[in-house]
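Report on the structure given below.
Protein chains: 2
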Amino acid sequence: MPRMAAKDRREALIAAAIRLMARDGVAKATTRAIAGEAQMPLGVFHYCFASREELLQEVITRLAAESVVAARQAFAGAEDPASMITKSLQVFWQGVELHPEEQLVGYELAHYALRQPGMEPLARRQYAEYLEAIEELLSEAAKRLGTEWTAPVPVLARYVHSVLDGLTMCWIVDRNSEHSREVLRLAGEHLLSFIAEPS
Amino acid sequence: MPRMAAKDRREALIAAAIRLMARDGVAKATTRAIAGEAQMPLGVFHYCFASREELLQEVITRLAAESVVAARQAFAGAEDPASMITKSLQVFWQGVELHPEEQLVGYELAHYALRQPGMEPLARRQYAEYLEAIEELLSEAAKRLGTEWTAPVPVLARYVHSVLDGLTMCWIVDRNSEHSREVLRLAGEHLLSFIAEPS
DNA sequence: GTCTATAGGAAGATAGAC
DNA sequence: GTCTATCTTCCTATAGAC
Chain G
1 MPRMAAKDRR
11 EALIAAAIRL
21 MARDGVAKAT
31 TRAIAGEAQM
41 PLGVFHYCFA
51 SREELLQEVI
61 TRLAAESVVA
71 ARQAFAGAED
81 PASMITKSLQ
91 VFWQGVELHP
101 EEQLVGYELA
111 HYALRQPGME
121 PLARRQYAEY
131 LEAIEELLSE
141 AAKRLGTEWT
151 APVPVLARYV
161 HSVLDGLTMC
171 WIVDRNSEHS
181 REVLRLAGEH
191 LLSFIAEPS
Chain C
200 MPRMAAKDRR
210 EALIAAAIRL
220 MARDGVAKAT
230 TRAIAGEAQM
240 PLGVFHYCFA
250 SREELLQEVI
260 TRLAAESVVA
270 ARQAFAGAED
280 PASMITKSLQ
290 VFWQGVELHP
300 EEQLVGYELA
310 HYALRQPGME
320 PLARRQYAEY
330 LEAIEELLSE
340 AAKRLGTEWT
350 APVPVLARYV
360 HSVLDGLTMC
370 WIVDRNSEHS
380 REVLRLAGEH
390 LLSFIAEPS
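Respectively, the protein sequence lines represent chains G and C. First residue of the first sequence: 1, per the numbering used here; consecutive thereafter. First residue of the second sequence: 200, per the numbering used here; consecutive thereafter.
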């Protein structure tokens, strides 16, 4: 008599893995540790997942999707179209300062995927999704403002993503919120300067 | 009769470790693999280093120092003070596209240090050195131009560092050189806009 | 499906002959 | 100092009883 359906076990293991990786890092998330975190016997792991790598792939996909959803929500929440950009950046940054471990896990998983033969496509997709989400948000913003961007949207999206990604990592290391927020403000204003006057 | 002084062994092992990590990643750089790469018996490792961690600490310090030196050289090489910034960014980027593995190792080591209890200070120092180097370069640039920055130098340095760091990681994943160079150009121009008119 | 027990290997580090 | 052989621990994955 199963206490839990196999499908639910999978979910529980994924959740446990994410929790564990956020706390101790991807390297420490062994099959044993994950099963332990989910309070299941080790043997369970391998009839829910074919291998540790399969679980990690699932985690990468989940986390990337979550991040994209969070970004869209932050964006949709803004009323005043003029401050849409600024507000989204602030909401994103609040998330970073509140849950830096999750961001760190994202980096670790990307590197893991890049180093694992055959898993590079997953890392590529992870980044492609982020970039695409930002592109959509930028296009949406221009549309709502009834204007256009004066630089190619894919380039602007890459710019935004790079600043946020680099700034996040920098803050995770030195926790300098004051300077980080200044950079965020500065980059936000720069981005706004690429909005053409409404025709 | 030693074929090599212990001090030289240390250097050889460090070099082998860096080579190996660039090729296969930090996780694959086990004591066995490093000794093998240096064509030494495993036993050698532990009378050159007290532990694997001690070697990694040494590697982190070396790589950070190298990066800073490279940045200064790129900067010093420019003649025309007006294009100093732009040129430095380009030189940096050439390095990234030529040796992306080294950059990736830098990220991996930073994350390793952050996750290893007691090693966070090393990661902090690594980032602090980068930031400080950029601050010095910015100050030097303003001095040569006979002008000032219209924003705090530490903030500008963090901005530059973040863009470069984030953009590098993004390029390592998707190898989109065209868009990356556009972002670099765009960020460079933005940076130049913070130069006050010479008094 | 479920869990215990274990296979089989690789990791960091050390003991001890030379 | 030098190197071989080995200790101990921890890993992923599986075999096999229930």
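Ideal Cβ placement from N, Cα and C applies to all residues, glycine included. As the structure is a prediction and not an experimental result, all values here were calculated from the model.
For S88/G, not one C-beta of chain C is nearer than 8 Å to its own C-beta.
The alpha helix (DSSP H) runs of length 4 or more contained entirely in the segment 3-74 of chain G are, from start to end of the chain, 6-24, 31-37, 45-48.
Taking the Cα of D174/G as reference, the smallest distance to any Cα among Y329/C, A395/C, G387/C is reached at Y329/C. With a cut-off of 8 Å on Cβ pairs, the segment 10-24 of chain G is in contact with the segment 38-45 of chain G, counting three or more such pairs. In this model, A309/C and A273/C are separated by some 24 Å (Cα to Cα). Cβ proximity to chain G below 9 Å picks out D223, G224, V225, A226, K227 from the segment 206-236 of chain C.
In summary, E178/G is exposed, with fewer than 16 beta-carbon neighbours lying within 10 Å of its beta-carbon over all protein chains present. For P100/G, the uninterrupted alpha helix (DSSP H) run begins and ends at 100-115, by DSSP.
Within the same chain, and ignoring the five residues on either side of A64/G in sequence, the residues whose Cβ sits closer than 6 Å to its Cβ are Q126, E129. For E257/C, the closest alpha carbon among the candidates V243/C, K286/C, A312/C, G276/C is that of A312/C.
Inter-segment contact for the segment 284-294 of chain C and the segment 346-357 of chain C is absent: fewer than three beta-carbon pairs are separated by less than 8 Å. Secondary structure note for R175/G: it is in no alpha helix (DSSP H), with a DSSP letter that is neither H nor E.
Contact fails between the segment 133-148 of chain G and the segment 328-343 of chain C, because fewer than three Cβ pairs, one in each stretch, are under 8 Å apart. Around G345/C, the same chain offers P397 as residues with beta carbons nearer than 6 Å, after the five sequence neighbours per side are excluded. One alpha carbon belongs to A275/C, the other to A269/C, and they sit about 10 Å apart. T150/G counts as exposed, since fewer than 16 other C-beta atoms from the protein chains shown sit within 10 angstroms of its C-beta.
Residue-level contact check: R115/G touches chain C, since one or more beta carbons of chain C fall below 8 Å from its beta carbon. Using a CB distance cut-off of 8 Å, H161/G counts as an interface residue toward chain C. Residue nearest to R9/G within the set P117/G, F45/G, R52/G is F45/G (criterion: CA-CA distance). Per DSSP, the unbroken alpha helix (DSSP H) holding E120/G starts and ends at 120-145. Of all alpha-carbon atoms in L391/C, V267/C, E307/C, the one lying nearest the alpha-carbon of E331/C is that of V267/C. Rounded to whole angstroms, C247/C and A205/C show a C-alpha spacing of 7 Å. Residue pairing for W348/C: DSSP places it in a beta bridge opposite I394/C. In this model, R384/C and E210/C are separated by some 39 Å (Cα to Cα).
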